[in-house]
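A.B. asks: I have a structure I would like to understand better, so I am pasting it below and will then ask my questions one at a time.
Numbering (the numbering used here), first residue to last: 5 to 182.
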């Protein structure tokens, strides 16, 4: 029996240690849960306070709307960054954006404003290089094009003609060789 008592004592010493570890773990978990709850409560309160600032006040007239406005900004990023959201006048129905760019596709200016229907006209521009190449009138994005001549004026025959002459001469040489 004496051999059983030291094992019993060791076991009793081990159990309180486990209980202390369990209690410490639970305290840490509760503290962590409390921190998460506090963070979430703060986040929800912060989000609710933000919503208060963004609610729509009374409108100037029925069916009124706002547009971002900027006048000849250097690019769309700067236009949007510094644009005012303005209540549009009653005689307007649309938000208009005008984008002017260089021949290389880089933005020259961006203008955004409120617009009436007649301000939103469609404009098709077509540019071509060559003798009387502007016969047709552009009507949409498929024929409003920028076209440059592919060939250069010279006394030499075009590439295609040279290739056909080469093929024909090879065929004739085989015909007469055989």
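All C-beta atoms, glycine included, are put in the ideal place defined by N, C-alpha and C.
All values reported here derive from a predicted model rather than from experimental measurement.
#1: Which stretch, first to last residue, makes up the alpha helix (DSSP H) that contains residue 83?
#2: Around the Cβ of residue 151, are there at least 16 other Cβ atoms within 10 angstroms (buried) or fewer (exposed)?
#3: Roughly how many whole angstroms lie between the Cα atoms of residue 109 and residue 148?
#4: Are there 16 or more other CB atoms within 10 angstroms of the CB of residue 120, so buried, or fewer, so exposed?
#5: Label residue 55 either buried or exposed according to how many other C-beta atoms from any shown protein chain fall within 10 Å of its C-beta, with 16 as the threshold for buried.
#6: Compute the Euclidean distance between the alpha carbons of residue 103 and residue 128, then round it to the nearest angstrom.
#7: Smallest Cα separation from residue 73: which of 67, 99, 125 and 64?
#8: Measure the C-alpha to C-alpha separation of residue 71 and residue 97 and round it to an integer number of angstroms.
#9: With 16 as the cutoff for other CB atoms within 10 Å, does residue 141 come out buried or exposed?
#10: What three-state label does DSSP hand residue 117 in the structure shown?
#11: Grab the span of the beta strand (DSSP E) containing residue 72 for me, first residue to last.
#12: For residue 133 and residue 139, I'd like the C-alpha separation in whole angstroms.
#13: Taking the continuous beta strand (DSSP E) assigned at residue 126, which residues delimit it?
#14: Just curious, the beta strand (DSSP E) that residue 103 is in, first and last residue?
#15: Measuring only the C-alpha atoms, how far is residue 63 from residue 130?
C.D. replies: The relevant details are as follows:
#1: By 1-based counting over the chain shown, the position of residue 83 is 79. 80-86 is the extent of the alpha helix (DSSP H) around residue 83.
#2: Locating residue 151 in the chain shown gives position 147, where the first residue counts as 1. By the neighbour-count rule (16 or more Cβ atoms within 10 Å), residue 151 is not buried but exposed.
#3: By 1-based counting over the chain shown, the position of residue 109 is 105. By 1-based counting over the chain shown, the position of residue 148 is 144. Spanning the two alpha carbons is a distance of roughly 15 Å.
#4: What you label residue 120 is simply residue 116 of the chain shown in a count that begins at 1. Exposed: under 16 other Cβ atoms inside 10 Å.
#5: Position 51 of the chain shown holds residue 55. In this prediction, residue 55 has a pLDDT of 48, which is less than 50 and means its spatial position is unreliable; nothing more can be read from the coordinates.
#6: Here residue 103 is taken as the residue at index 99 of the chain shown, counted from 1. Here residue 128 is taken as the residue at index 124 of the chain shown, counted from 1. Their Cα atoms are separated by approximately 14 Å.
#7: In the chain shown, residue 73 corresponds to position 69, counting from 1. Closest by alpha carbon: 99.
#8: As a working note, residue 71 is residue 67 in the chain shown. As a working note, residue 97 is residue 93 in the chain shown. About 10 Å.
#9: One-based indexing of the chain shown puts residue 141 at position 137. Looking at its Cβ environment, which holds fewer than 16 other Cβ atoms inside 10 Å, residue 141 is exposed.
#10: If you number the chain shown from 1, residue 117 lands on position 113. Note: residue 117 maps to strand in three-state DSSP.
#11: Numbered from 1 along the chain shown, position 68 holds the residue referred to as residue 72. Element bounds for residue 72: 70-77.
#12: Here residue 133 refers to the residue found at position 129 when the chain shown is read from its first residue. Here residue 139 refers to the residue found at position 135 when the chain shown is read from its first residue. Roughly 12 Å separates the two Cα atoms.
#13: To locate residue 126, count along the chain shown from 1; it is residue 122. No beta strand (DSSP E) holds residue 126; DSSP gives it neither H nor E.
#14: In the chain shown, residue 103 corresponds to position 99, counting from 1. Unbroken beta strand (DSSP E) run through residue 103: 98-105.
#15: Along the chain shown, one-based indexing puts residue 63 at 59. Along the chain shown, one-based indexing puts residue 130 at 126. Rounded to the nearest angstrom, the two C-alpha atoms are 43 Å apart.
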